[in-house]
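For the sequence shown, the working numbering assigns the number 40 to the initial residue and increments by one for each residue that follows. Quick reminder that beta carbons are idealized off the backbone N, C-alpha and C, glycines included.
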Amino acid sequence: MSFGYDSKYPEIEKFIDGRFTELRHKSGIDNFVNQFVFTEQGGQYPNWSLDLSQWGWGVHNLSLDPMIWKFLKACLLFGAAVLCRKIILGG
């Protein structure tokens, strides 16, 4: 698909993307984000713990009833839908 713009330096996009990926890996943000991923445990409810020990706050167990997580997910999706409607339609 053409947008009517031809870059004189098409390789710069690959360079910037590679540099961004490199900086992201060095910063450790990937490891921080990956600690929030749920993993299936063979039909059991997930045992999710938040490790904040590097800041001196210890490890917190966030194992909750699955219905609570479903409710929080529904609230988040409803809030996102309302926000999208406000952004798109304005007001």
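Query, Result
"Hey, how far is the Cα of W87 from the Cα of V72?", "13 Å"
"N100 to G118, Cα distance in whole Å?", "26 Å"
"For V72, which of helix, strand or coil comes out of DSSP?", "helix"
"Going straight from the alpha carbon of L116 to that of F54, what length do you get?", "36 Å"
"Let's see if you can read the secondary structure: which residues bound the beta strand (DSSP E) around L89?", "S88 to D90"
"Spatial neighbours of L91 within its chain, please: CB distance less than 8 Å, with the 5 preceding and 5 following residues excluded, ordered by chain position.", "G97, V98 and H99"
"Where does the unbroken alpha helix (DSSP H) through S66 begin, and where does it stop?", "E50 to S66"
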